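S.K.: Please see the structure below; I have some questions.
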Amino acid sequence: MATDRLIFQPLQRIQENAHVKSFEEYKTLHTESVQEPSKFWGKIAKQFYWKKEPSAEKFLQYNFDVKEGSISIKWMEDGVTNVCYNMLDRNVKNGLGDKIAFYWEGNDPEDCGKITYKQLLEKVCKFSNVLKSLGVKKGDTVAIYMPMIIELTVAMLACARIGAVHSIVFGGFSSTSLAERLMDGNCHVVITADGVWRGTKLLNLKAIVDGALQICEKTNHKIEKCVVVRHLSPDMEKIVADEAGDSSNNSDDDPIAKRPCRTLELKWRKGRDVWWHELMKNAAPTCEPEWLEAETPLFMLYTSGSTGKPKGVLHTQAGYMLYAATTFKYVFDYHAEDIYWCTADVGWITGHSYVCYGPLANGATSIIFEGVPLYPDPGRFWAIVEKYQVSKFYTAPTAIRTLMKYGDDYVKKYDTTSLKVLGTVGEPINPEAWLWYYNVIGNGQAAISDTFWQTETGGHVLTPLPGAIPLKPGSATFPFFGIMPELLTEDGQIITEANVEGYLVFKQPWPGIMRTVFGNHERFETTYFKKFPGYYCTGDGAKRDEDGYIWVTGRIDDMLNVSGHLLSTAEIESSLIEHPNIAEAAVVARPHDVKGECSYCFVTLCEGAEFNEELTKELIKLVRQKIGPFAQPEFIQEAPGLPKTRSGKIMRRVLRKIAVNDRNLGDVSTMADESVVETLFSLRPKGA
Ligand code: 6R9
1 MATDRLIFQP LQRIQENAHV KSFEEYKTLH TESVQEPSKF WGKIAKQFYW KKEPSAEKFL
61 QYNFDVKEGS ISIKWMEDGV TNVCYNMLDR NVKNGLGDKI AFYWEGNDPE DCGKITYKQL
121 LEKVCKFSNV LKSLGVKKGD TVAIYMPMII ELTVAMLACA RIGAVHSIVF GGFSSTSLAE
181 RLMDGNCHVV ITADGVWRGT KLLNLKAIVD GALQICEKTN HKIEKCVVVR HLSPDMEKIV
241 ADEAGDSSNN SDDDPIAKRP CRTLELKWRK GRDVWWHELM KNAAPTCEPE WLEAETPLFM
301 LYTSGSTGKP KGVLHTQAGY MLYAATTFKY VFDYHAEDIY WCTADVGWIT GHSYVCYGPL
361 ANGATSIIFE GVPLYPDPGR FWAIVEKYQV SKFYTAPTAI RTLMKYGDDY VKKYDTTSLK
421 VLGTVGEPIN PEAWLWYYNV IGNGQAAISD TFWQTETGGH VLTPLPGAIP LKPGSATFPF
481 FGIMPELLTE DGQIITEANV EGYLVFKQPW PGIMRTVFGN HERFETTYFK KFPGYYCTGD
541 GAKRDEDGYI WVTGRIDDML NVSGHLLSTA EIESSLIEHP NIAEAAVVAR PHDVKGECSY
601 CFVTLCEGAE FNEELTKELI KLVRQKIGPF AQPEFIQEAP GLPKTRSGKI MRRVLRKIAV
661 NDRNLGDVST MADESVVETL FSLRPKGA
């Protein structure tokens with residue numbers, strides 16, 4: 001049976017207990033949420049603490065149409081609250097003080113820790129006082145460049161408590177990228193750690209920050225304070241003075257030391273660099289939260305992997321909080337006894353909404369994982385699931401495909417029967433990976449939530465609800481509450497026919513939508529609202545099937561037009577992956593004299609498989625069979641590794657260059673491993 005015809009009904013063991021128990025119930029709630037948004041979200045808002053409750057009159061005010069004037073979105077504008085208070089104090093007051101907020105699982109399986117809500121509150125208050133003592137005030141931006149440790153959430157919540165705007169930069173970006181974000185965000189304080197182990201690599205984070213600060217200094221952007229968490233043991237550090245003006249340390253030095261070198265050299269600039277633990281020693285353990293109007297900025301986060309200058313996506317207080325909390329509750333069907341684990345780094349939006357804010361808003365217990373999926377071996381994820389009896393798990397298709405490559409034995413070694421909901425996010429999940437996730441990881445006993453959303457949307461926008469929506473592998477199914485999707489043609493006509501691909505857009509605002517691009521409202525309007533007036537444009541393509549299921553096909557710029565047929569690269573990829581010897585595939589468009597465009601495919605083989613003419617023929621046949629002769633790949637080349645961003649997204653922009661043998665790659669600062677590029681150039685097929 002073709003995978004797009006498979007349907008999985010909600011599992012009884014999940015449905016029995018679920019917040020939403022049937023498709024009809026989902027439909028009723030969804031209809032209310034889009035027809036009467038103020039009423040729907042108004043009820044939810046009552047679960048939170050408000051210094052001043054938002055009025056019904058001002059609950060939602062917006063303009064979504066560039067033709068009517070400037071784009072503006074305001075939720076609960078006259079409400080006054082504090083997000084940190086709602087995450088911590090409210091839960092402690094409700095009797096959850098001794099509940100574990102986070103288990104911390106280190107890179108080394110021997111390293112672990114935990115913190116209760118009460119303890120977290122105290123740490124956050126102390127650090128709030130520290131920030132104040134460093135001169136940070138309401139409205140200031142604070143940069144955070146940290147590994148996955150509990151202090152990272154302490155830092156973000158402390159910012160939220162005092163009304164400072166956090167700007168988290170993923171702890172894998174280079175000095176140059178970090179500097180760009182520090183300057184764009186006008187940050188004068190940065191919080192980091194000495195270093196961190198990622199698998200067998202030791203990263204000197206402080207050295208990367210030093211490099212960034214040097215770049216800032218050269219452009220006269222002053223970073224007043226650099227707060228450093230001592231995460232490694234002191235005997236791993238050699239501290240040397242970094243005199244002002246000394247620029248001898250090259251920012252492009254490779255900050256990665258490999259075992260067995262266990263000593264990091266830490267340069268220390270007196271007056272600027274300060275140890276976290278020293279500041280915390282004398283800080284007072286209570287701190288009155290700053291009471292903030294609902295539309296005050298909460299954080300900004302730069303969007304990943306796109307071309308050009310990164311955009312600082314800005315989210316505000318109450319709307320974001322409501323949306324992160326509500327999506328978390330319904331999409332993972334959260335219950336008080338759950339142990340929840342999202343593997344995303346807090347440096348990405350998934351980590352913001354579903355490691356920190358969403359779970360804490362619900363008083364959940366979750367896991368913060370510092371390590372990587374393959375260390376010490378490909379069974380690590382499942383060892384952690386067994387250790388903590390994880391019931392709700394959230395990861396990315398790229399991780400699933402990577403682990404799938406190593407076979408089922410690493411999974412079978414562990415007991416994963418505690419799992420009830422398996423989430424996925426980041427890119428379209430191909431049906432093969434979906435089925436492996438469902439059958440092997442979930443033992444056919446866990447629901448899959450394929451969650452489509454973006455940094456810009458703040459939380460899930462298309463997603464199944466575990467007890468209510470029958471699943472189709474590869475489809476993010478239906479809109480979440482408050483979301484009104486449409487599919488539009490290039491010239492803005494609404495598509496009503498089934499299985500016709502178009503632009504995925506949303507018709508009205510939901511509480512979690514971004515409010516602006518930091519410092520550039522015009523860019524916000526141009527990027528998301530100009531192409532189709534009256535709609536927020538995601539930039540992704542999608543189609544609806546006969547049953548109304550939405551299938552996101554990938555970024556619209558990943559479409560190819562072969563002889564007038566619009567094809568999505570994701571569709572071809574998922575056909576290629578069906579071949580037993582293919583572990584991963586990436587397809588890009590390449591200009592073609594006759595057809596306009598043709599497809600150029602990069603395939604990563606499974607262990608032990610061989611790339612040869614026979615395989616190429618089989619793959620061509622497979623795509624012809626799966627999609628149609630017009631979709632037949634023009635070029636197929638072997639790809640031992642694919643260029644990916646540090647968050648695991650395939651950089652198709654780079655692949656498009658390789659496909660046409662153009663070495664002018666543009667900005668590759670977000671690429672995780674640049675060495676794969678040379679290999680790919682060397683493996684280009686003859687005649688390409
Ligand atoms: C949360 C996150 C957003 C882009 C988005 C789309 C792709 C994310 C997806 C998905 C298909 C899913 N994407 N989830 N595509 N199915 N379930 O990833 O945010 O880093 O901003 O990326 O990721 O292309 O437009 P962000």
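Residue numbers (UniProt numbering): 1 to 688.
Glycine included, each C-beta is placed from N, C-alpha and C at the ideal position.
These numbers were taken from a predicted model, which means no experiment stands behind them.
1. So, are the CB atoms of M514 and G458 less than 8 Å apart?
2. Can you determine whether any heavy atom of ligand 1 sits closer than 7 Å to the C-beta of E501, and answer yes or no?
3. Looking at the structure shown, is D540 part of a helix, part of a strand, or coil, going by DSSP?
4. Find out if the Cβ-Cβ distance for the pair F681, E638 is shorter than 8 Å.
5. Restricting to runs no shorter than 4 residues, where is the alpha helix (DSSP H) found entirely within the region 449 to 482?
6. Would you tell me roughly how many angstroms separate the C-alpha atoms of V240 and G426, rounded to the nearest one?
7. The beta strand (DSSP E) that contains G502, what's its start and end?
8. I'd like the list of long-range same chain contacts for Y357, defined as Cβ closer than 6 Å, with 5 residues on each side in sequence excluded.
9. Classify R259: buried if its beta carbon has 16 or more other beta carbons within 10 angstroms, exposed otherwise.
10. Return the first residue and the last residue of the beta strand (DSSP E) that K649 is part of.
11. Could you give the C-beta distance for F127 and M280, rounded to a whole number, given that I count them as a contact under 8 Å?
12. Report all residues from its chain with a CB closer than 7 Å to the CB of E337; omit the five preceding and five following residues, and keep chain order.
13. Does DSSP put N282 in a helix, a strand or coil?
14. Quick one: complete alpha helix (DSSP H) runs, 4+ long, within the region 130 to 184?
15. Would you kindly work out how many angstroms separate the C-alpha atoms of K132 and E151, rounded to a whole number?
16. Between the region 194 to 211 and the region 170 to 180, do at least 3 Cβ pairs fall closer than 8 Å?
17. Considering just the uninterrupted stretch of the beta strand (DSSP E) at P485, what are its terminal residues?
18. Measuring CB atoms only, is the region 368 to 388 touching the region 447 to 456, in the sense that at least three cross pairs come out at less than 8 Å?
19. Taking DSSP's pairing of strands, which residues face E265 in a bridge?
20. Report the three-state DSSP secondary structure of L555 (helix, strand or coil).
21. Put L642 into one of helix, strand or coil per three-state DSSP.
22. Buried or exposed: where does T679 fall if 16 or more other Cβ atoms within 10 Å of its Cβ makes it buried?
23. For G628, which of helix, strand or coil comes out of DSSP?
24. What are the residues that DSSP puts in a beta bridge with M300?
25. Do you know offhand how far N661's Cα is from A586's?
26. In the DSSP assignment, find the beta strand (DSSP E) that holds V189 and state where it starts and stops.
27. Quick check on DSSP: helix, strand or coil for D409?
28. Between which two residues does the alpha helix (DSSP H) carrying T569 extend?
29. Should the region 39 to 57 be called in touch with the region 84 to 102, which here means at least 3 C-beta pairs below 8 Å?
30. At which residues does the beta strand (DSSP E) containing T604 begin and terminate?
31. If you drop the 5 nearest sequence neighbours on each side, which residues of the same chain put their C-beta closer than 8 Å to that of D253?
32. With burial defined as no fewer than 16 other Cβ atoms inside 10 Å of the residue's Cβ, what is the status of A673: buried or exposed?
33. Work out the CA separation of R230 and G271 for me, nearest whole Å.
34. Comparing the C-beta of R272 with each C-beta of chain B, is any distance below 8 Å?
35. Give me, in chain order, the residues of the same chain whose beta-carbon lies closer than 6 Å to that of Q317; leave out the 5 immediate sequence neighbours on both sides.
36. Does any heavy atom of ligand 1 sit closer than 7 Å to the C-beta of V421?
M.R.: Here's the rundown:
1. yes
2. no
3. strand
4. no
5. none
6. 41 Å
7. 502 to 506
8. A324
9. Residue confidence is low: R259 scores 43 on pLDDT, short of 50, so the model does not pin down where it sits. No coordinate-derived value is stated.
10. Note, K649: premise wrong, no beta strand (DSSP E); not H, not E.
11. 7 Å
12. none
13. coil
14. 150 to 162, 175 to 184
15. 17 Å
16. yes
17. 485 to 488
18. no
19. K238
20. It is worth fixing the name first, because residue 555 is Arg in this sequence and not Leu. The answer is strand: DSSP assigns R555 an E or B state.
21. coil
22. exposed
23. coil
24. S167, L314
25. 16 Å
26. 189 to 193
27. helix
28. 569 to 577
29. yes
30. 596 to 605
31. Residue confidence for D253 is low, a pLDDT of 46 falling below 50, so the modelled location carries little weight; the figure read from the coordinates is stated next. Only A207, G211 meet the Cβ criterion.
32. According to the sequence shown, residue 673 is Asp rather than Ala. Exposed, by the Cβ-count rule.
33. 17 Å
34. Any reference to chain B falls outside this structure, which holds one protein chain only.
35. V83, L292, A294, T296, L298
36. no
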